[in-house]
Amino acid sequence: MSQIQELHQQAMDLAGMALVAKLRGGLNSASQLSREAFEKERLAAELITGDLEAEPTRSVLHCSAATLAVECGEIHTAERLIAIALSGNPPTEIAEELKDLFVQINIDKYFARRSIAFDEAKLQSLLNG
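Written as structure tokens, this is what we have:
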């Protein structure tokens, strides 16, 4: 197994353990496990960053790392990972997921800069139909 695959598998295992810990009420443990998952996935993504021909693996790893970064409160890092993923040639579905994640982490700031009241509950009800 390649180092990238091994790191990714470890990250996914840790993320799964974090979810279980969270469901069981172990928020501190869940937070620590999420952080470890993020670090492993970030390392896996970094190892493939320069290989623009390695799609969809390259963009999937960056998207996963960005999602974990958001969970850990690492918003700037998430934005950087999204930008790196989009700078390659991600498949359309992954590119849309990356763009959606970018909007999700920035929409509050966007509205605040424009002094627009943002009601997330109303937005969720609109999105959920």
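Per our numbering, the very first residue in the sequence shown carries number 245; after that it's consecutive. Note that CB positions come from ideal geometry on N, CA and C, so glycine has one too.
- In terms of CA proximity to R279, L312 leads the group E297, F346, L312 and T301.
- In this chain, the alpha helix (DSSP H) harbouring E290 covers L271 to I292.
- DSSP places D344 in the helix class (H, G or I) of the three-state scheme.
- Taken in chain order, the complete alpha helix (DSSP H) segments of 4 residues or longer contained in the segment 290 to 317 are 301 to 315.
- Close CB contacts of C316 within its chain, under the 7 Å cut and outside five residues either way in sequence, are with S278, R279 and F282 (chain order).
- Sequence-distant Cβ neighbours of P300 in its own chain, meaning closer than 7 Å and more than five residues away, are P334, P335 and I338.
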